[in-house]
Amino acid sequence: MSVKEWPVSERPREKLQNQGAEYLSDAELLAILLGSGSQGQDVVAFARHLLNQFNGIGALLTAKPEQLLACSGIGPARVNQLQVVMELSRRYLKWQLERSDGFTEPSMVKDYLTAQLRHQGREVFAILLLDSQHRLLRYEELFQGTINAAPVYPREVIKLVMQYNAAAVILAHNHPSGVAEPSQADQRVTERVKKALTLIDVALLDHFVVGAGDPISFAERGLL
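So the mapping is simple: the working numbering equals the position in the sequence shown, first residue as 1, plus 16.
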């Protein structure tokens, strides 16, 4: 049975119109985005298959193009659709952080950093530069590789802070292993950067480690 033959109240598009997007499941939302099914599957069944294959919507949206193209029923056009959704999400979160009330919701910062860093295959060290009202000035990915090359970080961070006249800083990096627990190297780097920023009267507000679960905050852990 195709989706058009379903009861009107169960069709994703009609549910969206009548009830609102928040009442749709991940599979129903994805089905609306995809528009059609694949290989004898209706679009909702196909959406569920993709979500099961990638173990959820987050992993699907952050999957690499080659991973998506390896799935039956996904071609370049659908890869582009999924990448556009993810990029719109990143830009929306960035816009929220640039507003004056962006940092009233710490969860929003975590969501933004998760969107930026969780999908990265290598360890990436990034910085959020903030103005005097703690609005986002710039997000910058400084280094890729391991975080153990600590001596270079303070110099590069200070250079960016001066360039954008930032008043405060948040650091972030990912653990591709998925385990977000801060390492001793993470703590040493954080302390080095904090000392360097103190010399120019710039506050280090936090350092987030992004892994498979909720990002870990140094400030919440009492590590700053």
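Where a beta carbon is used, it is the ideal one built from N, C-alpha and C, also for glycine. In this text the structure is predicted, and so the values were computed from the model without any measurement.
Ordered along the chain, which non-local residues of its own chain (more than five positions away) have a Cβ less than 7 Å from that of residue 95?
-> 81, 84 and 85
Run the CB neighbour count on residue 92, radius 10 Å, all protein chains shown included, and call it buried at 16 or more, exposed below.
-> exposed
How many whole angstroms separate the CB atoms of residue 50 and residue 63, which I take to be in contact at a CB cut-off of 8 Å?
-> 6 Å
From which residue to which residue does the alpha helix (DSSP H) around residue 82 run?
-> 81 to 85
The segment 200 to 219 touching the segment 122 to 129, judged by at least three CB pairs closer than 8 Å | no
Return the chain-ordered list of same chain residues with a C-beta closer than 6 Å to the C-beta of residue 44, the five sequence neighbours on each side being excluded.
-> 28
Locate the alpha helix (DSSP H) running through residue 42, then write down its first and last residues.
-> 42 to 50
Tell me whether residue 25 is buried or exposed, calling it buried when 16 or more other Cβ atoms sit within 10 Å of its Cβ.
-> exposed
What residue does the alpha helix (DSSP H) around residue 149 start on, and which one ends it?
-> That residue, residue 149, is in no alpha helix (DSSP H); it is neither H nor E in DSSP.
When you compare only the Cα positions, how much space is there between residue 32 and residue 48?
-> 9 Å
Enclosing alpha helix (DSSP H) for residue 222 [first to last residue] | Where residue 222 is concerned, there is no enclosing alpha helix (DSSP H), although the beta strand (DSSP E) it sits in stretches over 219 to 226.
Which residue from 65, 106, 58 and 187 puts its Cα closest to that of residue 146?
-> 187
Please state whether DSSP places residue 160 in a helix, a strand or coil.
-> strand
Through-space distance from residue 79 to residue 165, alpha-carbon basis | Confidence at residue 165 is low in this model, with a pLDDT of 41, below 50, so its placement is unreliable and no value can be given for it.
By the 10 Å Cβ neighbour count, where 16 or more other Cβ atoms means buried, how is residue 88 classified, buried or exposed?
-> exposed
For the alpha helix (DSSP H) holding residue 68, just list the boundary residues, first then last.
-> 59 to 70
In whole angstroms, what separates the C-alpha of residue 210 from that of residue 150?
-> 17 Å
Contact check, residue 133 vs residue 185, beta carbons under 8 Å = no
State yes or no: is the C-beta of residue 158 within less than 8 Å of the C-beta of residue 172?
-> yes
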